[in-house]
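Participant:
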Amino acid sequence: TVEALTAGSHVGERLLEEGASDEGVRFVAGFAFVFLFYLAAILFGYAIANSVVEEKQSRIVEILAAAIPLRQLLVGKVVGSTVLALGQMTIFVGLGLLALSFTDYSSMLPAIGAAAGWYLGFFLLGFVALAALFAVAGALATRAEDVQSTASPIIMAVAVAAFSGLFLEGAGLTVASYVPLVSVVAMPLRLLGGEAAWWEPVLSLGVTAAFTAGVILLAERIYRRSLMQTGGKLTYRQALALKE
Numbered sequence: 000t001v002e003a004l005t006a007g008s009h010v011g012e013r014l015l016e017e018g019a020s021d022e023g024v025r026f027v028a029g030f031a032f033v034f035l036f037y038l039a040a041i042l043f044g045y046a047i048a049n050s051v052v053e054e055k056q057s058r059i060v061e062i063l064a065a066a067i068p069l070r071q072l073l074v075g076k077v078v079g080s081t082v083l084a085l086g087q088m089t090i091f092v093g094l095g096l097l098a099l100s101f102t103d104y105s106s107m108l109p110a111i112g113a114a115a116g117w118y119l120g121f122f123l124l125g126f127v128a129l130a131a132l133f134a135v136a137g138a139l140a141t142r143a144e145d146v147q148s149t150a151s152p153i154i155m156a157v158a159v160a161a162f163s164g165l166f167l168e169g170a171g172l173t174v175a176s177y178v179p180l181v182s183v184v185a186m187p188l189r190l191l192g193g194e195a196a197w198w199e200p201v202l203s204l205g206v207t208a209a210f211t212a213g214v215i216l217l218a219e220r221i222y223r224r225s226l227m228q229t230g231g232k233l234t235y236r237q238a239l240a241l242k243e
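In this text, residue positions in the sequence shown follow the numbering used here: the first is 0, and each later residue adds one.
1. Specify the secondary structure class of V135 as computed by DSSP and reduced to three states.
2. Would you call the CB atoms of V184 and V33 closer than 7 Å?
3. Helix, strand or coil for G116? Go by DSSP, reduced to three states.
4. Roughly how many whole angstroms lie between the Cα atoms of E17 and F101?
5. Mapping DSSP to helix, strand and coil, what is E168?
6. Can you give the beta carbon distance from K232 to T141, rounded, assuming they're within the 8 Å contact cut?
7. Within the region 51-76, note down every full alpha helix (DSSP H) run reaching 4 residues or more, in order along the chain.
8. What first and last residue would you give for the alpha helix (DSSP H) that runs through P179?
9. Please state whether DSSP places E194 in a helix, a strand or coil.
10. Hey, A160 and I47: beta-carbon distance below 7 Å or not?
11. Take A134 and list the residues in its own chain whose beta-carbon comes closer than 8 Å to its own, dropping the five residues that flank it on each side.
12. Let's test the definition: count the other Cβ atoms within 10 Å of the Cβ of G29 and tell me whether it reaches 16, buried, or not, exposed.
13. With a CB to CB cut of under 7 Å and the five nearest residues on each side skipped, what residues in its chain are close to A113?
14. In its own chain, which residues sit with a C-beta less than 6 Å from the C-beta of I111, not counting the 5 before and 5 after it?
15. Excluding the five sequence neighbours on either side, which residues of its own chain have a C-beta within less than 8 Å of the C-beta of I153, listed in chain order?
16. From which residue to which residue does the alpha helix (DSSP H) around R236 run?
17. Does the Cβ-Cβ distance between F126 and T89 come in under 7 Å?
18. Using only the alpha-carbon positions, how far apart do A84 and V92 sit?
19. Note down the Cα distance separating W117 from R70, rounded to an integer number of angstroms.
20. Taking the alpha-carbon positions, what's the A65 to M227 distance?
21. Candidates L108, G171, V214 and P179: which alpha carbon is nearest E194's?
22. In this structure, does DSSP put Q228 in helix, strand or coil?
Quick look at the structure:
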């Protein structure tokens, strides 16, 4: 009988390639980083752009501009949305790590937790830059319908940057881990794989911080020049050519 043949035997599984399981977990973690970054860009980015164009369309921005400098208005939008986005990402990452602790891969929790911590740091700086750009996308528009076209270059850039960090390998991944926005995913993946020295994420974070500062300065310039323009949708080049 079947019972007699299988008596005393044990059915199990064994990976033919050493480390294949770890690679699978690494890919899942990387995909989670990509998904969360892209999700934040979509949800919070469009919310920023729509709030700007609504204030512009209803002329509320003219009242606000008379009370506070436009620079402070931009900073308020960026800071507020960044706090909300970072808080949400922290909750998602925390829940993911908690769920991992109840699986067979709980031994990888310290490595994934460290990579997730760096991910939140890169996410913070990267999202600040994106928030400023989405505010610009709203300022370039004159109607809510225009936001789709003014924000689409930003969304495309985020998608390319995030998925590049996920699928690159070897030297390409190493280079990508120093490229702003791409590094949001690429550097945590290198850390998770034990491929980066301790100083590399620090250096990459510094590069991202410098990039973010430059983006904010440029975004603030375009924002101030285009926010009061109501004659029609502007392009980025047209906004830069405007005089204050």
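We put the CB at the ideal spot given by N, CA and C, even for glycine.
Here the structure is a predicted model, which means the values were calculated and not measured.
Facilitator: In short, the structure shows the following:
1. Start at 1 with the first residue of the sequence shown, and residue 135 comes out as number 136. The answer is helix: DSSP assigns V135 an H, G or I state.
2. The residue given as residue 184 occupies position 185 in the sequence shown. The residue given as residue 33 occupies position 34 in the sequence shown. Yes, these two residues count as a Cβ contact at 7 Å.
3. Taking the sequence shown and counting its residues from 1, the one referred to as residue 116 is at position 117. If DSSP states are grouped into helix, strand and coil, G116 belongs with the helices.
4. On the sequence shown, position 18 is the one that residue 17 refers to. On the sequence shown, position 102 is the one that residue 101 refers to. Here the model assigns E17 a pLDDT of 46, short of 50, so the residue's position is not dependable, and the following value carries that caveat. Rounded to the nearest angstrom, the two C-alpha atoms are 23 Å apart.
5. Your numbering for residue 168 matches position 169 in the sequence shown. Residue state, collapsed to three classes: coil.
6. Looking up residue 232 in the sequence shown gives position 233. Looking up residue 141 in the sequence shown gives position 142. Indeed they touch by this definition, with Cβ atoms about 6 Å apart.
7. 59-66
8. For this step, residue 179 is matched to residue 180 along the sequence shown. Where P179 is concerned, there is no enclosing alpha helix (DSSP H), given that its DSSP letter is neither H nor E.
9. Along the sequence shown, read from residue 1 onward, the residue named residue 194 stands at position 195. Coil.
10. Here residue 160 refers to the residue found at position 161 when the sequence shown is read from its first residue. Here residue 47 refers to the residue found at position 48 when the sequence shown is read from its first residue. Contact flag unset, no.
11. If you number the sequence shown from 1, residue 134 lands on position 135. Cβ neighbours of A134 beyond the five flanking positions: I47, A48, V51, L73, K76, V77, A218 and Y222.
12. The count along the sequence shown starts at 1 and reaches residue 29 at position 30. G29 is buried by the Cβ-count criterion.
13. Against the sequence shown, residue 113 aligns to sequence position 114. Answer for A113: L190, listed in chain order.
14. Here residue 111 refers to the residue found at position 112 when the sequence shown is read from its first residue. Once the five neighbours on either side are set aside, the close Cβ partners of I111 are A28.
15. Along the sequence shown, one-based indexing puts residue 153 at 154. The residues are A40, G44, L129, L132, F133 and A136.
16. Translated into the one-based positions of the sequence shown, residue 236 becomes position 237. That run of the alpha helix (DSSP H) goes Y235 to A240.
17. For the purposes of this step, residue 126 is taken as residue 127 along the sequence shown, with counting starting at 1. For the purposes of this step, residue 89 is taken as residue 90 along the sequence shown, with counting starting at 1. No, they are not a contact pair.
18. Translated into positions along the sequence shown, residue 84 becomes position 85. Translated into positions along the sequence shown, residue 92 becomes position 93. Rounded to the nearest angstrom, the two C-alpha atoms are 12 Å apart.
19. As a first step, residue 117 must be located in the sequence shown, where it is residue number 118. As a first step, residue 70 must be located in the sequence shown, where it is residue number 71. For W117 and R70, the distance between alpha carbons rounds to 30 Å.
20. Within the sequence shown, the letter at position 66 stands for residue 65. Within the sequence shown, the letter at position 228 stands for residue 227. Near 12 Å, if we compare the C-alpha coordinates of M227 and A65.
21. Walking along the sequence shown from the start, residue 194 turns up at place 195. The option with the nearest alpha carbon to E194 is G171.
22. The sequence position of residue 228 within the sequence shown is 229, counting from 1. Three-state DSSP puts Q228 in coil, outside helix and strand.
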